[in-house]
Amino acid sequence: MAKESTSADPGKLNDALAYTIHRTARLLRYSLLQFFKRNGLDITPEQWFMLYRLWEEDKRPQFELVDPAIDDRPNITRLIDSLEKRGLVERQGDPEDRRRFLIALTPEAHKLLKELMPKVIEERERLFGSFSDGDRRALTRILKKIEEIAIE
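Per the numbering used here, the sequence shown starts with residue 11, numbered consecutively.
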């Protein structure tokens with residue numbers, strides 16, 4: 011397998027690892043948007059990931075929903091606002107700290123996620139089912155390593 015060029019010659023764009031990762035991320039985003047559309051949802055991948063995080067652990071402080079690598083606090087506020095307007099999340103007072111709010115899924119969101127999760131698993135299988143467990147673990151490990159380097 012040819013190694014990606016790291017010399018002064020950048021090589022062909024279509025062979026560049028960064029371009030391939032970027033293009034794949036865009037295609038996955040598009041695929042996710044189409045999945046939502048097929049299932050009658052008008053949400054963005056970013057909104058979905060927030061709902062998913064809250065599905066994993068509900069009633070979380072807003073700062074726990076921020077990706078520390080990107081420090082996207084203003085965007086998180088907008089995401090919460092848009093999901094709140096749709097009736098999918100609500101801000102609740104934090105009983106341990108009256109200065110902050112906990113972000114919680116609404117009953118409507120719980121119902122939606124419960125119905126959608128089997129379809130999400132099917133979609134995941136459609137996208138990644140041809141990879142062995144070892145390939146999935148290796149790809150995840152490599153992508154996380156790239157994340158670590160990019161954060162530095």
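Beta carbons: idealized from backbone N, C-alpha and C, even for Gly. All values derive from a computational prediction rather than experimental measurement.
Output needed for residue i: all residues of its chain with C-beta closer than 7 angstroms, excluding positions within five of it in sequence on either side, in chain order.
i, result
"LEU89", "GLU56, GLN57 and MET60"
"LEU75", "MET60, ARG63, ILE86 and ILE113"
Less than 8 angstroms between C-beta atoms, sequence neighbours within five positions excluded: which residues of the same chain meet that for residue i?
i, result
"PHE111", "PRO71, GLN72, ARG101, GLN102, GLY103 and ASP104"
"THR34", "none"
Can you tell me where the beta strand (DSSP E) holding residue i begins and where it ends?
i, result
"GLY144", "Premise fails: GLY144 lies in the alpha helix (DSSP H), 143-161, not in any beta strand (DSSP E)."
Would you say residue i and residue j are within 8 angstroms of each other, going by their C-beta atoms?
i, j, result
"LEU98", "GLU118", "yes"
"ARG147", "PHE138", "no"
"ASN49", "LYS129", "yes"
"LEU23", "TYR29", "yes"
"GLU133", "PHE45", "yes"
My understanding is that residue i touches residue j, with C-beta atoms under 8 angstroms, so please give their C-beta distance in whole angstroms.
i, j, result
"LEU122", "ASP68", "Between ASP68 and LEU122 the Cβ distance is about 14 angstroms, and since that is not below 8 angstroms, they are no contact."
Along the alpha helix (DSSP H) that carries residue i, what are the first and last residues, could you check?
i, result
"GLU135", "117-138"
"GLU56", "55-66"
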